[in-house]
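First up is the structure itself, then whatever we jot down about it.
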Amino acid sequence: MKVTVSRKAHFNAAHRLYRKDWSFEKNDEIFGKCNNPNFHGHNYELIVSVNGEIDQETGYVIDMKVLKDIIKSEVEDAFDHKNLNLEVPEFQDLNPTAENIAVVIYNKMKPKLDANLDLEITLYETPRNFVTYSGK
């Protein structure tokens, strides 16, 4: 019997969407206000969902305290109140779009989970704009 459990988290971060190999004009055309050289910020909302079999001994898919601790170490401590372009190594050469942030979060968290568990990341950049990634 497979069940999905989810935990919400939150972090604030600044970023700039641009490509180093493009002119300012091309970056401005593609990314608009998000290409501001002085950066801009978001209050990101994160939903981490884990799907797997219910453990017959504990009744858990995953201990939520364990999931909370993984989110804290791999996401909140790494991204909260940071400039993603300047302070987070994963984005030194990767444009920190919501899509790429979700994939980075997935890649940081997946190795911390038991191999038999599936992971899905939903990241809200704004209340109306969000992305979902499940490793596929």
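The sequence shown maps to residues 5 to 140 in the numbering used here. All C-beta atoms in this analysis are idealised placements derived from N, C-alpha and C, irrespective of residue type, glycine included.
Which residue or residues does DSSP assign as beta-bridge partners of residue i?
| i | result |
| --- | --- |
| Tyr137 | Ile125 |
| Ser10 | Ser53 |
Buried or exposed for residue i, going by 16 or more other Cβ atoms inside 10 Å?
| i | result |
| --- | --- |
| Val141 | Outside the shown range of the chain (5 to 140) lies residue 141, about which nothing can therefore be said. |
| Arg20 | buried |
| Ile58 | exposed |
| Ile34 | exposed |
| Glu61 | exposed |
| Met5 | exposed |
| Phe15 | buried |
| Phe28 | exposed |
Sorted by chain position, which residues of the same chain lie with C-beta nearer than 8 Å to residue i's C-beta, five sequence neighbours on each side aside?
| i | result |
| --- | --- |
| His44 | Ala18, His19, Arg20, Lys37, Cys38 |
| Ala102 | Leu127, Glu129, Asn133, Phe134, Val135 |
Does residue i come out as helix, strand or coil in the three-state DSSP assignment?
| i | result |
| --- | --- |
| Gly45 | strand |
| Lys86 | strand |
| Ala17 | strand |
| Pro93 | helix |
| Val79 | helix |
| Glu61 | coil |
| Leu98 | coil |
| Leu71 | helix |
Beta-carbon within less than 6 Å of residue i's beta-carbon, same chain only, minus the 5 sequence neighbours each way: which residues are those?
| i | result |
| --- | --- |
| Leu121 | Val54, Gly56 |
Give every residue of the same chain whose Cβ lies closer than 7 Å to the Cβ of residue i, excluding the five residues on either side of it in the sequence, and list them in chain order.
| i | result |
| --- | --- |
| Lys30 | none |
| Val107 | Tyr137 |
| Phe83 | Phe15, Ala17, Val92 |
For the pair the segment 45-52 and the segment 88-101, tell me if three or more CB-CB distances fall below 8 Å. no
Could you say if the segment 57-75 and the segment 107-119 meet the contact criterion of at least three C-beta pairs nearer than 8 Å? yes
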